[in-house]
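Colleague: Residue numbers (the numbering used here), protein chains in the order written: chain A, 51 to 215; chain B, 1029 to 1431.
#1: Answer with yes or no whether the minimum CB distance from residue 1400 of chain B to chain A is below 8 Å.
#2: Span of the beta strand (DSSP E) holding residue 1250 of chain B?
#3: Just mark residue 127 of chain A as buried or exposed, buried being the case when its beta carbon has 16 or more other beta carbons within 10 Å.
#4: In this structure, how does DSSP classify residue 1228 of chain B when only helix, strand and coil are distinguished?
#5: Judging by CA-CA distance, which residue of B:1058, B:1057, B:1088 is the nearest neighbour of residue 1070 of chain B?
#6: Between the C-alpha atoms of residue 1258 of chain B and residue 1428 of chain B, what's the straight-line distance to the nearest angstrom?
#7: On a CA-only basis, which of A:209, A:213, A:63 is nearest residue 134 of chain A? Give me that one, please.
#8: Could you check whether the Cβ of residue 1249 of chain B sits closer than 8 Å to any Cβ belonging to chain A?
#9: Do residue 210 of chain A and residue 1148 of chain B come within 8 Å of each other at the CB atom, strictly closer than that value?
#10: Does the beta carbon of residue 131 of chain A sit closer than 8 Å to a beta carbon anywhere in chain B?
#11: Check each candidate in B:1230, B:1154, B:1116, B:1112 and name the one with the smallest Cα separation from residue 1241 of chain B.
#12: Run the CB neighbour count on residue 1111 of chain B, radius 10 Å, all protein chains shown included, and call it buried at 16 or more, exposed below.
#13: To the nearest angstrom, how far is it from the Cα of residue 1281 of chain B to the Cα of residue 1361 of chain B?
#14: Does any residue of chain B bring its CB to less than 8 Å from the CB of residue 220 of chain A?
#15: Tell me, which residues are paired with residue 1088 of chain B by DSSP?
#16: What are the complete beta strand (DSSP E) segments, minimum 3 residues, inside the region 1121-1179 of chain B?
#17: Tell me which residues share the same chain as residue 1179 of chain B and place their Cβ nearer than 6 Å to its Cβ, disregarding the 5 neighbours each side in the sequence.
#18: Which whole-angstrom value describes the C-beta separation of residue 1082 of chain B and residue 1059 of chain B, a residue pair presumed to lie in contact below a C-beta threshold of 8 Å?
#19: Could you give the residue range of the alpha helix (DSSP H) that holds residue 1325 of chain B?
#20: Note down the Cα distance separating residue 93 of chain A from residue 146 of chain A, rounded to an integer number of angstroms.
#21: For residue 216 of chain A, return the contacting residues in chain B, with the cut-off set at a CB-CB distance below 8 Å.
#22: Can the beta-carbon of residue 1308 of chain B be found less than 8 Å from the beta-carbon of residue 1419 of chain B?
#23: Have a look at the DSSP bridge pairing and note the partners of residue 61 of chain A.
#24: For the beta strand (DSSP E) that contains residue 167 of chain A, what are its first and last residues?
#25: Check the Cβ-Cβ distances between residue 1217 of chain B and every residue of chain A, and say whether any is below 8 Å.
#26: Between which two residues does the alpha helix (DSSP H) holding residue 70 of chain A run?
#27: Rounding to the nearest angstrom, what Cα-Cα distance links residue 1385 of chain B and residue 1408 of chain B in this structure?
#28: Are the C-beta atoms of residue 65 of chain A and some chain B residue less than 8 Å apart?
#29: Taking 8 Å as the CB-CB limit, is residue 1397 of chain B close to chain A?
#30: Whose CA, out of A:65, A:67, A:91, lies closest to the CA of residue 76 of chain A?
Written out as structure tokens, the structure reads:
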């Protein structure tokens, strides 16, 4: 599985997705295991079933707004989501996702629909929509975040730093 | 952002002396708050990394009532307290209401501090002239291990507010007004630095009320001038006269109309006037302070409410003080129901159930009110003034109707 060339099928969610749409506030890491929680449980009750083979989550603006909690990003990662492509992200969600090693890409998602086959070339900052036969260029990911993604998250980085003295 | 409060604060807390929006810089953190709902992975990580004591003073707060229906509640809470005490983390006294007001009473967070926490409303402390940042668990873990937070420098918007509120408006109306206009700024990842004569006469409650709405405005943090410390010699931080910002806007609140919000839409109350409201929630953190209880008591004196109105103090200390000062008699005589200090409203765990298609008016933050994700009620949010006028009249109405 290449970290820099990702291939998959798109699953597009509706506009205005808040952190609480991904996971309600009543569910928290102190009481629940992220493995056992389905994202979008009230908004898209069959999300996991629908997206079993579709690991690329496509969204609109300000994805994950309204909360600084890490759990929404954590649950999406545990659900098998490999990358989230959105027009923009709520900053705490974006930071939390990379802290967990979950890739977020800011790009124009107007030309991506559910079930489109995509190839994401991270090094080239380019998304190829195989279904629609078009390409989408996006602003490169900042090095800080890119390394978090490659290292599998901040705790892995910390472990490495400690082990390397 | 040169010369701004944020710029000065970052210079004081970072070895990096040149930075701009979009940069990630390590900043020294003064205090950390951990909420019990996300404390388990944080405390587990401290154990895994063999940390004897966090690098910064840390407080564990218990948001009880959120999760009391969980089967594991007692066991989890007991373990959290034990683990926190082992790591020299201050365990805040439980069952005293909402943690914001309790931590405020500790008087630990000082002007010029960087304060972070695993809660979305850390910005409550920004009126203390601090940089207050809500973080995810992993950022908290790294900060407890290193004393530093990797801070993503935001764009900075200066909002200059002039004038005084009309009798029918307060800080909640201002927050909703700004929410209505925030998209016009066309910015991503920003914080807001406030200035202007309005803040010279604003009360501490009004500032905290406004501060609660930073996420509603999609701002990472608010920065306030040190108006609460104008008579003391604290380490306050003022902006330079020639401070620069990514964007500057000016508003005057003298003609501000009462506002009401439903989901992401903000309206003037006059546009929805006479909308039937079924239940009203006042408090806990917004509308539940001692100043609020004094106001509620004065408004409800010799009056009766027309629809169910639930009033929640922000903390046990406030409830005690409101009782001692005699504020509760008018509230209860008017027909209001007093709820225990808690955040139960957010999670429908205080015995008050919202029904399908009900119109509920809350003074809380939109993102928190009834945030179980499954409520089918319409949750409107408005100021305590609008809420009281509506409780008396039985339909949505401006406080002007009572004057």
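Glycine is no exception: its CB is placed at the ideal position from the N, C-alpha and C atoms. Given the structure is predicted, the values throughout are model-derived calculations rather than measurements.
Modeller: According to the structure data:
#1: Residue confidence is low: residue 1400 of chain B scores 48 on pLDDT, short of 50, so the model does not pin down where it sits. Its coordinate-derived value is still stated next. For residue 1400 of chain B, the closest Cβ of chain A is nearer than 8 Å.
#2: Here the beta strand (DSSP E) through residue 1250 of chain B covers 1247-1251.
#3: Burial call: buried.
#4: Correct three-state label for residue 1228 of chain B: helix.
#5: Ranking B:1058, B:1057, B:1088 by CA distance to the CA of residue 1070 of chain B puts B:1088 first.
#6: CA-CA distance, residue 1258 of chain B to residue 1428 of chain B, rounds to 33 Å.
#7: That would be A:63, whose Cα lies nearest to the Cα of residue 134 of chain A.
#8: Output row for residue 1249 of chain B: interface = no.
#9: It is not a contact, given that the beta carbons lie outside the stated cut-off.
#10: Using a CB distance cut-off of 8 Å, residue 131 of chain A does not count as an interface residue toward chain B.
#11: Restricting attention to B:1230, B:1154, B:1116, B:1112, the CA atom closest to the CA of residue 1241 of chain B is found in B:1154.
#12: Answer is buried; the Cβ neighbour count reaches 16.
#13: Cα-Cα distance, rounded: 34 Å.
#14: Within the shown structure, residues of chain A are numbered from 51 to 215, placing residue 220 of chain A beyond reach of any answer.
#15: As computed with DSSP, residue 1088 of chain B is found in a beta bridge with B:1062, B:1119.
#16: If one requires a minimum length of 3 residues, the beta strand (DSSP E) runs lying completely within the region 1121-1179 of chain B are 1142-1145, 1159-1162, in chain order.
#17: Sequence-distant Cβ neighbours of residue 1179 of chain B in its own chain, meaning closer than 6 Å and more than five residues away, are 1053, 1055.
#18: Their Cβ separation, rounded to whole angstroms, is 10 Å, which puts residue 1082 of chain B and residue 1059 of chain B out of contact at 8 Å.
#19: In the DSSP assignment, residue 1325 of chain B falls within the alpha helix (DSSP H) that extends over 1318-1328.
#20: Rounded to the nearest angstrom, the two C-alpha atoms are 22 Å apart.
#21: Missing from the structure shown is residue 216 of chain A; chain A here goes from 51 to 215 and no further.
#22: Taking 8 Å as the cut-off, the Cβ atoms of residue 1308 of chain B and residue 1419 of chain B count as close.
#23: DSSP, once it has assigned bridges, lists A:107 as partnering residue 61 of chain A.
#24: Residue range 167-171 is occupied by the beta strand (DSSP E) that includes residue 167 of chain A.
#25: For residue 1217 of chain B, the answer is yes, since a Cβ of chain A falls inside 8 Å of its Cβ.
#26: Per DSSP, the unbroken alpha helix (DSSP H) holding residue 70 of chain A starts and ends at 69-72.
#27: Roughly 12 Å separates the two Cα atoms.
#28: Closer than 8 Å: no.
#29: Residue placement at residue 1397 of chain B is flagged as unreliable, the pLDDT there being 45, under the threshold of 50; the coordinate-derived value follows with that caveat. No - not a single Cβ of chain A is within 8 Å of the one on residue 1397 of chain B.
#30: Nearest of A:65, A:67, A:91 to residue 76 of chain A, Cα basis: A:91.
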